[in-house]
Every structure is written in C-alpha cells, then in structure tokens.
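> Line by line, the protein sequences are chains A and B. Those letters in the first sequence? Residues 568 to 1227, per the numbering used here, in order. Those letters in the second sequence? Residues 37 to 186, per the numbering used here, in order.
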Amino acid sequence: MSFYAEFRMLSEKAMTFNFPPEMPLTEVFRGRHVLDMEKCVGCGLCEKICPNLAITMVERGEADEKRSYPQVDYGKCCFCGLCEDICPREALKLSHFPFIVVLGRDALVYPPEKLAEPPKLEHPVPPKIKGITNWAISRSFWVNFFFTGCCFIEAAPWVGSGFDMERFGMLAKGSPRHSDVLLIGGYVTVKTLRRILRIYEQMPCPKYVITLGCCPVNGGTYWDSYNTINNLEKYMPVDIMIAGCPPRPEPIGLAVVLAMNAVQSGYMGKEEKVNKEEGFLEVPSVEESREEGEYSIPFGPQHPASGNFDVYFKLEGEHVKSARPNPGYLHRGFEKLMEYRTWWQNIMLVQRVCVLDGASYELSYIGAVEKLAGVEVSRRVKYLRTIQAELCRIQSHLLNLGLIGGATGFDTMVRIAWGDRERILLLLEKLTGGRIYHIYNIPGGVRRDLPSNFKDDFKKEMKYMLKQLDLYDNLCFNNPVFNGRTKELGVLPGDMAVRLDVTGPNARASGVRFDVRKASPYETYDELEFNVVTSEGSDAYSRVLCRRKEIEESLYIVENALEKIPGGKLFERNAKGGLRLSPFSPLPKGETIHCVESARGELCFHLVSNGKNTPYRAKIRGPTFDSILVAMPKVLEDEHVAEIPVIYWSLDNCPADHDR
Amino acid sequence: MAPSVLEVLKQEFQGEYTREKVFSFVKVQKEKYFDAAKLLRENGFERLLTVSAIDWLDENEFEVYFLVYNPAENVYVKVSTRIPRENPEIQSLSSIWENSAMHEREVWELFGITFEGNTMLKPLFLEGWKGPHPFLKDFDWRKYVKEFPM
C-alpha cells in the first residue's frame, strides 16, 4: 500500500454512518404503509393488485355502518408500492419508515387502526444488566452468517465501513461451533433448510436466531413456490424477525441493539428444538468415487466466499483435478411464478432473480413486454432507464471488488469498496425509491421523475468516485501482493469463453469484444459515447481490472446521460392496436426476446403470450448459468486449492441468477 | 445479416420463419432439429444461449427450442420444434455446443424431456424431490402449497 493512500485515509472523515436516529434515509424510500381511514372507500383494489396476498380487506364499524379497510401482513409484503399506485383516493401510502422488527409472526400483521397511526421509532428499553457474563456475551456476538437468499445483500453493508458491525463488538464468523448468533439472510428452500438445521445443531448454547426479510417468516414474494419454506419456525426456533424485502441495514442494526439488550437482561434464547420431518430434512451424504491419492472436498454453501452455492472438488495433492457444481439452493422457479402473476405484477418479481444487479433484469423484462405490447416510450424514459442501469452496474462491480478483497485476504478493500457502494445505493434510492429492488419501470414508462437536485448529487459523487478509483489503483491494482494473488490465475482463453457462452466482463477480459450495449443498442446507448473495456490478460486480475474500468466508463455514461436528458412523458398508456396499458390489461398473442448487458453478461428474457393478462411462458437466460456452471470447473482445473475463492469471485457469481 | 443460412433453413428444412430486428424465429420438424443446429454451428453461430421448452398442454405437445447467436453478423436465431407430451425425447445438442448439456439437464429436470446422447441427465437444482416435473402446466403450485405447506 502506498504511503499516499494511507495518509489520505488518515486525513479524511470516517465514512461510517451514525446509528439511529440520524440515519441517511431519503423521503422517497418505500417503507411501512400509512392508511388514511377517512379517505379509504374500501374499494379493495389494493387487495386485488398485491402480488404477495399481503393485503386483506377487513370490516370495521357498527352493524349498519360497516366499512372495509386494508390490513397488511408484513410477513408477506415486499414494499413494491403497487397498492399505493393503484389507490384511487390516495388513502394508502408508503412512508419511508423501515423499522419493522418483531419477536413473533403475529406482530407482523398490522390491522387498519395500526396502519393509521403515524410510524414512530421506539427506542429499545435500556437493559437491566444481569451479571458480567451476560454483559460480556452481548458485547461480543459472533455472527454465523448464512447467505441463504437476497437479504444478505443488506447484511453485507454491516461488514463494510458504512455501517461497521465491529463497533458493536460483533464479528462475522464462518464456523458454527464458534458462533452465538445465526443470521439467516432471506429465502429458504428445502435444500437450504437441511443445511441450516445442521448448522443450528452445531452451534453451542446459548444461541440466538435472527431472520432477515419476509421469506423465512411467511414465504414472502415466493409464497406460492413449491420449493419455499413458508414457515421456518415449524422447523427451528427463531428469536427476532426483521421484516422488509430486503430490510434496510438500519433495521438490522435495531435488531442487534434489541438482541444485545435482551441478552444483557438475562435472555438465554429459545429452547433448542429441531424438526427434521422424520429424517426428510437430513443432509444427504455424498459419496464421491475417487482414486487413490485423491481428496474430495466440498466448497460451500456455508463458506464465507461461496454465496449460497456449492461445488465438490476432487484434489490431487493441493491441486484441483475436477470440480462439480451443485446449484439449486436458491431455486424458486421464477419462470413459473411469473406465469401466475399479471404482466404488471411481474415487475416486482423480475429484479429479484439477481439481487446484485436488479436494474438490468427490470430493463430486460420491460423491454420484452413493451415489444409485445407495441408501445413506444418517450426518450426521457429511456434516458432515466439508462441512468438506473448504469448506477446499478457500478454498485454491482463495487460489491465484486469488495468480494475480491475478501477472497485475497485484503480486508481494507472490502471496507472501502462496500463503503463507497453505499453512496451509489443512496443515489439509486433518490432516483427510484428503492436501494436494492428499485421496481422503477412499468410497462410504458417509469414510476417517478428525476429528482430536482439529482444532477448536483451525482456530480458530487462522481468527483468522489473518480478520486476513489485512484485509491483503488494505489491500494490494489498497483500492489505487488494483490498482483501476485490474482495474475495468471484462472485463465479463461478467449475462444473458450465464446465456445462456452461466457459473456460480460469475464469474456471482455479475455479479449472478446462483445457488449450488447454496442452490438444491439437498447434504451439510449446508441446516443451515448462509451468504450467497450477489454483486456488480453484472460486471468483473474484482468477480470477484476475490467470491472474497475467499467465503473469509470459507467460514471461517464451517467454524466453524459444527465447532460443530454430531454423532456418527455413519463408514462405512455397507448399501445399498438388501441390497447391501453393498465395493471390488469392483457397483452396480444405472440413471443419476443429482449437481451440486455447486465453487470455479469448477456441477459435475455423470452416471453410468450397467449393473449391473457399473465405470461404463458417466461424464460430467463441469465449470464452466470454458463459462466459458473459450465466454464468455472474448466477454469479451476489444475489450480491450487487456496486460489479457489479468488478465481470464483473473479468470475463474479450470482447463485440466484443461475438457480432462478 | 445472414440471409443465406436462414434461407437454407427455411427451404431445406421447410421451417416457418419470422423476424424481428436481430431475432429470427424458425420452426422445424423434429427430424430436422439436430441438422438445423449443425448447419447453424457450421455457419458462424458460435454461441448457444439456451435450450428450453414450453409446455403446450392444450395441444398435448412440448415445444423444445434453442437460441443461438452469431457474433460476426449479430444475429440471434431461435429454432423450435414440437414433440408429443408422452415420453418426450429429442436429440441432444451437446456434440455441437458443449454448454448445451447443462441447459438440457435443467430442461430434463423441470419438464421431464429426455435428450438422447446427453450423459449429464441427473438432478440439478432439486434434492430428494419426488413430485411431478415442476414446470409442467398441469402441476398447480398454488394448490400444492396449500395441500402440503412447508
């Protein structure tokens, strides 16, 4: 690390946010509902549009003056805001209040009276300290993280310098036998549950379980998938539930403070109880056939560097002989879930396919739907979509830089890159109202206009980011240690990349000059100037460098787009053949494909309509299916076992994308 | 543009053919499915994006299709064919495009379509699943979730 970089970091202000109540929340964030009971006419449209069946109409009042009002179950709500959009009287609105942290499922159901109250942050009750041991445990929680689903993305900032879990004495731990807290990061499938139960059993008492998001509580967005565990409490005890989809990092902090106070007051966790459904939920034993001198080791799904994905390696000495990916921990069946929801409702489902880069999935789906409907959106909308997609690409690449930092044992990079990512997320939140899942696009337009001071905010952040990219070069790319850990590792030759259908930065780092944004420009990429970043190295270093350069390129694209953005309609209702787009309107018969360049490569949506208001078939071709399940085993051959995490993350996996 | 290859596909394989900007949709007979793939591969379609299926329940047929891309000419072609829903079988493309084996494995698991010549047909996403192939149209998830809540 250069002295310059070190001095700069010493002289600058800390990037850690203060903990509540001074939180960096924008007014547009989609949080808890507020109901105006005077205005509500009980039409029930919110109940009808809700894709998760989170809203039910309940009756209130005396016998002859009965009226119905919405009741919201935050164990199911995904905060998409479709109910707010459709409400004809503006009676049901979303506030920007994110704190819904409870100790039991029942407390997540908000009747109309509770929804009518303005949200207020209740600070946790100060603890009555019971003994030094309790105090000590609460001040040194070792958290066993299991990134079961999308919500991990909001637990990750706590590792970075933006939120900084270490100030609470918390440490992220890979080994269950050394952990006090099991943090379940979101959606749980049957396959994942088997692993969770095993990890839970291995943890020593007292142990505490915190679940993130709606999915482990009530199935959340995927309540109707055949592979979803709809009620985790049926199988193991859960102490604290944090609602949200995904919850913001701030409520996670609130849950931590709650847990600390409870433990200091003498709470020892719920009684250990595991229901394995008579052995159905045992982890199946894997017997790999192997020759003499061969070792077989699993990598993941509960590994700090794996994500919810696993690979079986066969080693000869310390070198990889073969690798067999074992995906499916995040298989929700998105394609069939989409068949059950209307074209409009699906806008809140598609970006969930890949939590790391949701905007591209929105763009790809919306592009395909608009082709089917035959609607032409205004240029302003196209520019807004471009800005959203590029900002999302930047944050995805920053996340990957942090992960590479983690894989190479270079923790400074994790802290800095993820700290910077928070600033981009804040921009996205100002633009779209969501940090991770923007739900910004609707068929025919976007849901909100550019905020008035967005250009200035972006200029400030761009100046900062360009300075930071210099810092990354100093810290990382010119660093001989980092070079030594990444150069000439995991070589993916260009011809192999094409043959195995690897796209995106992974292929461009092998000299393949292919970018959907240039090859078949969508949105406004034909009007904006940018370079396709390529490199010839074909190794892990080139792939990471490619992403770092793409961040710069994307910053210029957004700057350019903000300069050029014209005026125009935000929503075009009239489509081909006199069709008027509305939340329940059917689309004409036909099929269409729309491809975009996501942060990981080429992403296509193939939609088939049979003239109804739901898709007949939706096929998502994600970029990681081939780059990870097909190409990765070949890239890893003959590599040293210690380099697996580096190579794996240099290929930038998103398990949710290939599992779907 | 590569009209020649598509022209050949249309005539030699009696395929139905529609175009939408860079995307071409070709329908061929089951017997011509593999040959069409081979022809495309020989004519610069280096990348196979996906192999997938659609369950046309009312017609009692599966539509099996693949999507390929020609980087030199920037053309995407989707080739599809119909096969009966009972004992669905079709030739594997794994000898033409290496990555198709994994895509076919997914289709085998989710739709139950067998690909002759694919040696990878083992469960991919699901572990210990004993129910019907989950992506079939006659498997109602909402009913299933109600009957067997997990």
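Positions of the beta carbon are idealized from the N, C-alpha and C atoms, including for glycine.
Looking at chain B, is there any beta carbon in it that lies within less than 8 Å of the beta carbon of I696 of chain A?
No, no contact with chain B.
> Taking its Cβ as the centre, do 16 or more other Cβ atoms sit within 10 Å of Y928 of chain A, making it buried, or is it exposed?
Buried.
> Taking DSSP as the reference, what is the three-state secondary structure of R178 of chain B?
Reduced to three states, the DSSP call for R178 of chain B is helix.
> Taking CB distances under 8 Å as the criterion, tell me whether D1226 of chain A reaches chain B.
At least one chain B Cβ lies under 8 Å of D1226 of chain A.
> Please report how far the alpha carbon of M37 of chain B lies from the alpha carbon of Y1215 of chain A, in whole angstroms.
Residue confidence for M37 of chain B is low, a pLDDT of 46 falling below 50, so the modelled location carries little weight; the figure read from the coordinates is stated next. Roughly 37 Å between the two C-alpha positions.
> So which residues on chain B does Y950 of chain A lean against when the C-beta distance must stay under 7 Å?
Within chain B, no residue comes near Y950 of chain A; the closest Cβ sits about 21 Å away, beyond 7 Å.
> What in chain B is Cβ-close to V791 of chain A, meaning under 7 Å?
One point to set straight first is that residue 791 of chain A is Asp, not Val, in the sequence displayed. Result: W177, R178 and V181.
> Quick check: what's the CA-CA separation for V625 of chain A versus D652 of chain A?
Cα to Cα, V625 of chain A sits roughly 21 Å from D652 of chain A.
> Determine the extent of the alpha helix (DSSP H) in which Q831 of chain A is found, giving its start and end residues.
Note, Q831 of chain A: alpha helix (DSSP H), P816 to Q831.
> Under the DSSP definition of a beta bridge, which residues are partnered with L882 of chain A?
Paired residue(s): A:Y862 and A:V887.
> Specify whether the segment 94 to 105 of chain B and the segment 115 to 129 of chain B touch according to this definition: at least 3 beta carbon pairs, one from each stretch, less than 8 Å apart.
Yes: at least three Cβ pairs fall under 8 Å.
> Any idea if S1217 of chain A is buried or exposed, counting beta-carbon neighbours within 10 angstroms, 16 or more meaning buried?
Label assigned to S1217 of chain A: buried.
> Please classify R1080 of chain A as buried or exposed, where buried requires at least 16 other C-beta atoms within 10 Å of its C-beta.
Its Cβ having fewer than 16 others within 10 Å, R1080 of chain A is exposed.
> Could you run through the segment 76 to 88 of chain B and flag, in chain order, every residue whose CB is less than 7 Å away from some CB of chain C?
The chain labelled as chain C is not found among the protein chains of the depicted structure, namely A and B.
> Please list, in chain order, the residues of the segment 1154 to 1187 of chain A that have any C-beta partner in chain B closer than 8 Å.
Hits within the stretch, in order: E1158, T1159, I1160, C1162, E1169, C1171, H1173, V1175, Y1183, R1184 and K1186.
> What are the complete alpha helix (DSSP H) segments, minimum 4 residues, inside the segment 116 to 150 of chain B?
As far as the segment 116 to 150 of chain B is concerned, its whole alpha helix (DSSP H) runs of at least 4 residues are 136 to 147.
> Say yes only if the C-beta of R1014 of chain A is nearer than 7 Å to one or more non-hydrogen atoms of the ligand FMN, and no if none qualify.
Ligands displayed in this structure: none; no statement on the ligand FMN is therefore possible.
> Does the separation of the CB atoms of A1074 of chain A and S1109 of chain A fall below 8 Å?
For A1074 of chain A and S1109 of chain A, no; Cβs fall outside 8 Å.
> Hey, is the segment 1141 to 1152 of chain A in contact with the segment 974 to 994 of chain A, meaning 3+ C-beta pairs nearer than 8 Å?
The segment 1141 to 1152 of chain A is not in contact with the segment 974 to 994 of chain A.
> Could you tell me which residues DSSP puts in a beta bridge with D1068 of chain A?
DSSP output for D1068 of chain A lists no bridge partner at all.
> Considering only DSSP beta bridges, list what E749 of chain A is partnered with.
Looking at the sequence provided, one finds Leu at residue 749 of chain A rather than Glu. According to DSSP, L749 of chain A bridges with A:N711 and A:V776.
> So the beta strand (DSSP E) L995 of chain A belongs to, where does it begin and stop?
Looking at the DSSP string, L995 of chain A is not in any beta strand (DSSP E); the run it does join, the alpha helix (DSSP H), is D978 to T999.
> Along chain B, in chain order, which residues have C-beta atoms closer than 8 Å to that of F1081 of chain A?
Residues of chain B passing the Cβ test: P107.
> Just the chain A side, please: which residues come within less than 8 Å of G167 of chain B by C-beta, in chain order?
Within chain A, the residues near G167 of chain B are Y793.
> Going by CA-CA distance only, name the one from B:A72, B:V87, B:V58 and B:G80 that's closest to K46 of chain B.
Looking at the Cα atoms, B:A72 is the closest of the given residues.
> Does any C-beta atom of chain B lie closer than 8 Å to the C-beta of Y907 of chain A?
Yes, because at least one Cβ of chain B sits closer than 8 Å to the Cβ of Y907 of chain A.
> Who pairs with W92 of chain B in a beta bridge, going by DSSP?
Paired residues: B:E97.
> Give the residues from the segment 1067 to 1098 of chain A that approach chain B closer than 7 Å (Cβ to any Cβ), ordered along the chain.
Flagged, chain order: L1067, D1068, F1081, A1086 and S1087.
> How would you write the range of the beta strand (DSSP E) that P655 of chain A sits in, first residue to last?
Neither: P655 of chain A is in no beta strand (DSSP E) and is coded neither H nor E.
> Tell me whether N154 of chain B is buried or exposed, calling it buried when 16 or more other Cβ atoms sit within 10 Å of its Cβ.
That one is buried.
> Kindly indicate the opening and closing residues of the beta strand (DSSP E) around M188 of chain B.
Since the first residue of chain B shown is 37 and the last is 186, residue 188 of chain B is not available in this structure.
> Please classify S578 of chain A: is it buried, with 16 or more other beta-carbons within 10 angstroms of its beta-carbon, or exposed?
S578 of chain A is exposed by the Cβ-count criterion.
> Kindly provide the ranges of any beta strand (DSSP E) runs that are 3 or more residues long and lie completely inside the segment 1003 to 1073 of chain A, ordered along the chain.
Whole beta strand (DSSP E) segments, 3+ residues: zero.
> From the DSSP output, in three-state form, read off S1152 of chain A for me.
Reduced to three states, the DSSP call for S1152 of chain A is coil.
> Counting only the same chain and skipping the five closest in sequence on each side, list residues whose C-beta sits under 8 Å from that of E152 of chain B.
E125, I126, Q127 and S128, listed in sequence order.
> Looking at the unbroken beta strand (DSSP E) that takes in S1232 of chain A, where does it start and where does it end?
This structure does not reach residue 1232 of chain A, given that chain A is present from 568 up to 1227, and the question cannot be answered.
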